[in-house]
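Residue numbers (the numbering used here), protein chains in the order written: chain B, 9 to 254; chain Y, 9 to 254. For each residue, glycine too, the CB sits at the ideal point set by N, CA and C. Bear in mind that the values here come from a model prediction, so they are computed numbers and not experimental data. Below is one structure, written out as C-alpha cells; comments come after it.
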C-alpha cells in the first residue's frame, strides 16, 4: 500500500494551504500546459487518479465529460471532494493506486496530477491504465521531475556566481526517496525519465507530448518567485495514447 | 554553418586520444545500449551523421548494411575515415548538418552519435531526416544529456556529504552553451528533453526508446571511474521510427 501521508494531520493542514489547494486550478502554474495537452472532454468518461479535493474532476465535468471517477488514497481528501461537489455524474472513491483494478475499456481519458511519484510499481499501474482505456484513449499525467527528485539533498544551492542551482546525484539509482515536506519522511519513488517513458511505450502507449514545466514571461511578471523554475524543471507532464492492444 | 571545432589542431589532437577514438566502439561504454536500440542491419541503407573516423559506419557494414553514407563536417575526420576504410559500399563526405539535404526515401536507417547537440536548428534537421527515411525507417541517435549541458558551469561539485553532485541551472533557457573541451569556447546548443522529443514527434516520428546512459555493475568493476556516471546522465539515447507521412 502506498504511504498515506495525506491523512497525517501535520501534512494535511500544511498541504491544504498550498496556493493550488486554496485557489484551485488557477493556483497551479502548470495548468495552462495541462489544458493544452488534454483532448476535448465533451462526452468523455474520465478517471482522475489522485483526485485530491476534486478540482480537476469538477473542471472536467464542466468541460462536458459525461462521467468522472475521482480516486484518492486519502480519506480527508475524498471527504472534502464529496463535500465540495454536487453532481451525480462525479463519483469519488478511496483507492490505492498500487493495487487498484479498473474495468477493461471503461474510460476515454485517464488523468493524474502529481501522484505517480508516490507509486512503487509504475509498470503494474501503466498496464492497468492501458487496460481500462478504450482504444484511442488518452493518458495525461504530471509527476515530479526526476531532476527534482534524484538527489540525496534536493534543495537549492548556489554556483560559483551565486546563481540558484539544483543539485543532481544518484540519478540512475532508482527507488525510494525520503524527503521532509510539511512532515518528516515523505516517501516518493524516483525513476529516470527513460524508465517512465519506456514503461509507457512497453505498455502499448504512443507518446504524444513530453513537457517540463517552465513559467512563461507573463507568469514571472505576475509571480516573480516563479523565475527560479527556469533553473530546473520541477514537473514532468506527459500525454500518451493507447494505440496498441496488449 | 556549425562550428567546425574538430579541425582545430588542439581540439583534434586531444580528441583523437579519447578512449573511444583509440579503441573504437569498445571504448564507448554506451555502445551495448546503442546496439540494442538499432534494428537489424542486413540489407539496409544507412546514413551516419557525424561519422567521425568511421567506426560505426564500418561496423554497420560488417553487420550486413548494403551501403553506408558517412557524413562529417570535419576534413580531418573524413580524411582519416577514408584512410581507414577499404570498402566501396561505404562512402564518406564532408557535410554540414545545418544545411544538409538528402534525397527523399533514400535510407532505411539514420544514425548519429554525439553530434546533434552541435546543431542549432534541430527542427530543420529532424524534418530532413524524416524525409530521407523510408516509411518504417529508423532514426537512432545519441546526444549529450540536457542535464549534463544546461548549467553555466557544468562540472562536478560536492554536496553536504561530499558526494559527487552535478549542478543544474538554466535548464529551461535553451540555446548556446560555451564550454572548454580540449580547446576554449566549444559551442553547443542546449535543448530541454521535452523539446528534443516533441520535435521528433512533430516531425512524424514515433518514439520507440529513450535511454539515459548508466554503466552496468560489470562496467564499473572493470572501469571504476565509470561509477560517477550513476550520479547524473551524460548521454541521452533515442530510437524513433517514421510512422507518419508529413
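Where do the N-terminal and C-terminal ends of the alpha helix (DSSP H) with residue i fall, by residue?
i	result
residue 18/Y	17-23
residue 112/B	Counting along the chain, residue 112/B falls outside any alpha helix (DSSP H), and DSSP gives it neither H nor E.
residue 99/B	Taken as a continuous stretch (DSSP letters only), residue 99/B belongs to no alpha helix (DSSP H), being part of the beta strand (DSSP E) at 98-102.
residue 90/Y	83-91
residue 128/Y	Segment: none, residue 128/Y is in no alpha helix (DSSP H) and carries neither H nor E.
residue 29/Y	27-30
residue 68/Y	63-70
residue 44/Y	39-45
residue 226/Y	225-230
Is the CB of residue i under 9 Å away from at least one CB in chain Y?
i	result
residue 237/B	yes
residue 3/B	Because chain B here runs from 9 to 254, residue 3/B falls outside it and cannot be looked at.
residue 121/B	no
residue 79/B	no
residue 161/B	yes
residue 73/B	no
residue 48/B	no
residue 158/B	yes
Our contact map puts residue i next to residue j with C-beta atoms below 8 Å; I'd like the distance itself, whole angstroms only.
i	j	result
residue 138/B	residue 214/B	Not a contact, Cβ separation roughly 11 Å.
residue 180/Y	residue 238/B	4 Å
residue 150/Y	residue 244/Y	7 Å
residue 83/B	residue 10/B	Not a contact, Cβ separation roughly 14 Å.
residue 53/Y	residue 115/Y	5 Å
residue 85/Y	residue 14/Y	6 Å
residue 142/Y	residue 57/Y	The Cβ separation is near 17 Å, so there is no contact.
residue 89/B	residue 100/B	5 Å
residue 218/B	residue 240/Y	The pair is not a contact, with the Cβ atoms about 19 Å apart (cut-off 8 Å).
Are the C-beta atoms of residue i and some chain B residue less than 9 Å apart?
i	result
residue 188/Y	no
residue 150/Y	no
residue 214/Y	yes
residue 180/Y	yes
residue 155/Y	yes
residue 241/Y	yes
Name the chain Y residues whose beta carbon is nearer than 8 Å to that of residue i?
i	result
residue 175/B	165, 167, 173, 174, 175, 176
residue 185/B	Neighbours of residue 185/B on chain Y: none; closest Cβ ~14 Å, over 8 Å.
Taking residue i as the query, report the chain B residues whose CB atoms sit under 8 Å from its CB, ordered along the chain.
i	result
residue 310/Y	The structure shown does not extend to residue 310/Y, since chain Y spans only 9 to 254, so no value can be given for it.
How far does the beta strand (DSSP E) with residue i in it reach, from first residue to last?
i	result
residue 174/Y	172-176
residue 243/B	243-250
residue 53/Y	53-57
residue 75/Y	75-80
residue 216/B	213-220
residue 152/Y	141-152
residue 240/Y	That residue, residue 240/Y, is in no beta strand (DSSP E); it is neither H nor E in DSSP.
residue 185/B	183-187
residue 198/Y	194-198
Answer yes or no: the CB of residue i versus the heavy atoms of the ligand NAP, is any distance below 8 Å?
i	result
residue 82/B	What this structure holds is no ligand at all, so the ligand NAP is not there to describe.
Residues of chain Y with CB closer than 7 Å to the CB of residue i, please, in chain order.
i	result
residue 222/B	180
For the stretch 195-219 of chain Y, which residues have a CB atom closer than 8 Å to at least one CB atom of chain B, in sequence order?
200, 201, 202, 205, 206, 209, 214, 215, 216, 217, 218, 219
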